[in-house]
Ligand SMILES: *[C@@H]1O[C@H](CO)[C@@H](O)[C@H](O)[C@H]1NC(C)=O
Ligand SMILES: *[C@@H]1O[C@H](CO)[C@@H](O)[C@H](O)[C@H]1NC(C)=O
Ligand SMILES: *[C@@H]1O[C@H](CO)[C@@H](O)[C@H](O)[C@H]1NC(C)=O
Ligand SMILES: *[C@@H]1O[C@H](CO)[C@@H](O)[C@H](O)[C@H]1NC(C)=O
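Residue numbers (this note's numbering): 9 to 164.
Next comes the structure, spelled out in structure tokens:
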């Protein structure tokens, strides 16, 4: 009995001690810093952007999209059947303003792989644009970034 009481008191104490630890890390869960999400759709056109036919423009599936910062590949994503890609960055390692100024999206998968009339060499490059924050619940904030506009780069 005495042991059970001791065990109960120990568990309650542990729970009380554990609570402030979780609350002491707001930076991990949101607060001022949040996740950084880079997403967009790649189209199967000469410059990778939506064409004159708007959403009827064919997309570019299975393309490898690289996030390059200061010339280094820091993350990659492959476009799905809808041409969509998404990259999430850990806010502890990246600062929004630096990502916007130092990073680009680069596609090395040749355009010929989605349309045989398009070039077999060269790639696509786009700077980044911040379009606003989304709040998910009370603790998590997501900074949304999209490609500002791809352009064709003949050789790289
Ligand atoms: C979005 O959130 C970031 C921090 O994650 C903050 O620096 C920035 O000012 C916010 N921007 C807007 C427009 O709310
Ligand atoms: C737009 O759609 C029409 C009808 O499907 C097609 O003939 C035309 O080539 C398309 N234009 C572009 C730029 O894709
Ligand atoms: C591609 O990904 C987007 C976003 O996750 C999703 O909405 C869409 O349904 C996906 N398309 C395919 C064909 O999987
Ligand atoms: C392939 O690309 C050519 C040149 O841009 C374009 O005229 C043609 O409509 C495209 N074909 C398809 C199926 O999108």
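In this text, a Cβ means the ideal position worked out from N, Cα and C, and glycines have one as well. As the structure is a computational prediction, the values presented were derived from the model and not from experiment.
{"Check": "With a threshold of 6 Å on Cβ separation, who are the neighbours of residue 149 within its own chain once the five nearest residues in sequence on each side are excluded?", "Outcome": "38, 42, 141 and 143"}
{"Check": "Here's the rule I'm using: 16 or more other beta-carbon atoms within 10 Å means buried, otherwise exposed. How should residue 113 be labelled?", "Outcome": "buried"}
{"Check": "Can you tell me the Cβ-Cβ gap for residue 77 and residue 111, rounded? I've got them flagged as a contact below 8 Å.", "Outcome": "4 Å"}
{"Check": "Given 7 Å as the limit, tell me if residue 104 has its C-beta closer than that to any heavy atom belonging to ligand 1.", "Outcome": "yes"}
{"Check": "Note down the Cα distance separating residue 32 from residue 81, rounded to an integer number of angstroms.", "Outcome": "With a pLDDT of 38 at residue 32, under the threshold of 50, the predicted position of this residue should be treated as unreliable, though the coordinate-derived value follows. C-alpha separation (whole angstroms): 33 Å."}
{"Check": "Relative to ligand 4, what is the chain-ordered list of residues with a Cβ closer than 5 Å to any of its non-hydrogen atoms?", "Outcome": "66, 123 and 125"}
{"Check": "At a cut-off of 7 Å, would you count residue 56 as near ligand 2, judging by its Cβ distance to the nearest heavy atom?", "Outcome": "no"}
{"Check": "How should residue 109 be labelled, buried or exposed, when 16 other C-beta atoms within 10 angstroms of its C-beta is the threshold for buried?", "Outcome": "exposed"}
{"Check": "Just to check my reading of the structure: residue 55 and residue 160 have Cβ atoms closer than 8 Å, yes? What is that Cβ distance to the nearest angstrom?", "Outcome": "5 Å"}
{"Check": "Which of the three DSSP states is assigned to residue 104 in this structure?", "Outcome": "helix"}
{"Check": "Using a Cβ-Cβ cut-off of 6 Å (strictly less than) and excluding sequence neighbours within five positions of residue 95, which residues of its own chain qualify?", "Outcome": "46, 75, 83 and 85"}
{"Check": "Residue 27: buried (16+ other C-beta within 10 angstroms of its C-beta) or exposed?", "Outcome": "Confidence is the limiting factor: at residue 27 the pLDDT is only 40, short of 50, which leaves the residue's position unreliable and the question unanswerable from this model."}
{"Check": "Once DSSP output is grouped into helix, strand and coil, what is the label at residue 63?", "Outcome": "helix"}
{"Check": "Closest to residue 117 by C-alpha separation, out of 104, 107 and 133, would be which residue?", "Outcome": "133"}
{"Check": "With which residues is residue 92 paired in a DSSP beta bridge?", "Outcome": "49"}
{"Check": "On a CA-only basis, which of 115, 73, 66 and 146 is nearest residue 90? Give me that one, please.", "Outcome": "66"}
{"Check": "Which residue's Cα is closest to the Cα of residue 69: 61, 88 and 58?", "Outcome": "88"}
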